[in-house]
Amino acid sequence: MPPLTITTEVLIVGGGNAGFSAALSAAECGARQVLLIDAAPEDWAGGNSYFTAGAFRTVHHGLEDLLPIVNNVPDEKRDKIDVKPYTHADFAGDIKRICLDRADPELAGILVRESNLTVKWLAKHGVRFQLSFNRQAYEVDGRIKFWGGLALKTQDGGKGLIEDHRRAAAKLGIQVAFSTAAKSLVIDPESNRVRGVIAQGPDGKTQEIHAGAVILAAGGFEANPRLRAQYLGPTWDFAKVRGTPFNNGTCLEMAIQQAGAKQAGNWSGCHSVAWDANAPANSGDRVISNEFTKSGYPLGLMLNKDGHRFVDEGIDLRNYTYAIFGKAILAQPGHFAFQVWDSQTISWLRSEEYRDEVVEKIRADNVEELACKLMDHGLSDASQFVDTISTYNNAVDAFRSENPDKIWDPSIKDSLSTQSSHMHLPLAKSNWALPLNKGPYLAVKVTCGVTFTFGGLAVDPETAGVISALTNQPIPGLYTAGEMLGGIFYDNYPGGSGLTSGAVFGRRAGRAAAEAVASSSAT
């Protein structure tokens, strides 16, 4: 029996932020029939975007530029808020610095230049934005100070973002089909033009979907332990999947093997975070979602099972380090670590990540007692654990004695360090170094949670059209966006730029696909 045939003008594969952005763009640019398919069932809608905190990094001119698109700033609060402008140079500089000067300059330039316009475009389509008071601001001396160049998030995080995208898509008449997995591309043998996909529907039957243009936005290979071990390296199959279990690399391999798509980007790199050690192994939790993230390490210390520190917890602001510290934890013995704080900073931990209902907490009145309790959670050397903290405290005290005027401030890189003329630790804590000497103490056990992979497909920056490895020209009818687009992020990424990239290039892909369909129809 031949496959069922469906015809549409623009077909999007993947239902996260990038896919919906592409769909919205295609529809508003004139495509009369837009179909979005997703391998996941509807109760897993949203791809990895659903599991995010909803942060969008964007160029802006300060608070007054953001106020028109946010809904959580009452008039009486405005005068207490400090949001420094985040310029084109700031964003470009962060990408250059954080991504080791390897980002494709054209792609990075487009991401930076179009970030502000794209966020405001999403807002016009009903995406509800807010200032990220809970994640990106501290109240210091009566002022609400935003830090790290990041101020915007979506209401209700990724859950709210996907809810808003689906509402906007419905208004534009975009069709969405869940439990519909793309299995292969339909390619014209003469022109090499992509004409659609063969998909398996919810009833298990094969469907041939004909389309004037196809946009692949189906995520990376982070949920595939075999591909993680193959590309990211040994032990990466031990990482826990932070988001959807459906991002298994199928569409990446399909594009490379069937359409001859050119590969681009950092295939051995990924975004990975400190993640609750008790979280599920192979997918995120739809209810708890991003709350399994444990990013309070700049306020304390991280020690491995042997009782040693292994990263400089204060080397930079959290949203420039959290995406690489998961990798550092994975490399530790047993692939886990302990985050530790004392009473000075426990109250500064964000409740959505550290509330009692989310995380198992180990408490003690002193460091020795804490070490003893952690032995039941995998700590192998209690005496080394105690010695590490004692040595750290001595180093902090030595620095403070030389720099009595330094003030602890978590909203800036405050230079409170462990490194003085009298004492240098082999591994510094470069900022926010307070002694851990005031009980009670708190520890939580963390592991590595993998978010998304950096390897992807090469594209024409102007259209997000997929490049052929054979001709080095765009493959007719094929576009990509989101995690599948390679070449921007290397080794690390500036927090919040992933969703922005998905929207910027999803919007470009949708526009280019609609224009290609219109041009084809006209001839």
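Here numbering that gives the first Met the number 0 is used: position 108 in the sequence shown is 107, and no number is missing along the way. The beta carbon of each residue, even a glycine, is placed where N, CA and C say it ideally should be.
Secondary structure of F128 (DSSP, three-state): strand.
When secondary structure is reduced to three states using DSSP, Q418 falls in the coil class, being assigned neither helix nor strand.
Under the three-pair Cβ rule at 8 Å, the stretch 198 to 209 counts as touching the stretch 173 to 185. Using a 10 angstroms sphere on the CB of T7, the tally of other CB atoms reaches 16 or more, which defines it as buried. In the three-state reduction of the DSSP assignment, Y137 falls in the strand class, which pools E and B. For A336, the beta-bridge partners assigned by DSSP are N303, V445.
With contacts defined as CB atoms closer than 8 Å, G242 and T446 fail to qualify as a contacting pair.
The beta carbons of E359 and V443 sit closer together than 8 Å. For the pair G268 and P475, the Cα-to-Cα distance works out to about 29 Å. DSSP places T205 inside the beta strand (DSSP E), whose first and last residues are 205 to 215. Sorting S183, R142, G455 by C-alpha distance to the C-alpha of W266 places G455 at the top. Per DSSP, S379 is not a residue of any beta strand (DSSP E), being assigned neither H nor E.
Put simply, of D386, A517, Y492, D408 the residue whose alpha carbon is nearest the alpha carbon of P297 is D408. Within its own chain, the residues whose Cβ lies closer than 7 Å to the Cβ of E41, once the five positions on either side in sequence are excluded, are F177, listed in chain order. At a Cβ-Cβ threshold of 8 Å, G295 and Q338 count as neighbours. Residues of the same chain with a CB within less than 8 Å of the CB of N115, apart from the 5 flanking positions on each side, are T57, V58, H59, D64 in chain order.
The beta carbon of Q262 lies closer than 8 Å to those of I255, G454, G455, L456, A457, A468, G485 in the same chain, with the five residues before and after it left out.
When DSSP states are grouped into helix, strand and coil, W146 belongs to the coil group.
As the crow flies, the alpha-carbon of Q135 is around 8 Å from that of K144. Around the C-beta of H421, fewer than 16 other C-beta atoms lie within 10 Å, and the residue is accordingly described as exposed.
As the crow flies, the alpha-carbon of G377 is around 6 Å from that of K304. Annotation: N436 to S389 spans about 9 Å, alpha carbon to alpha carbon.
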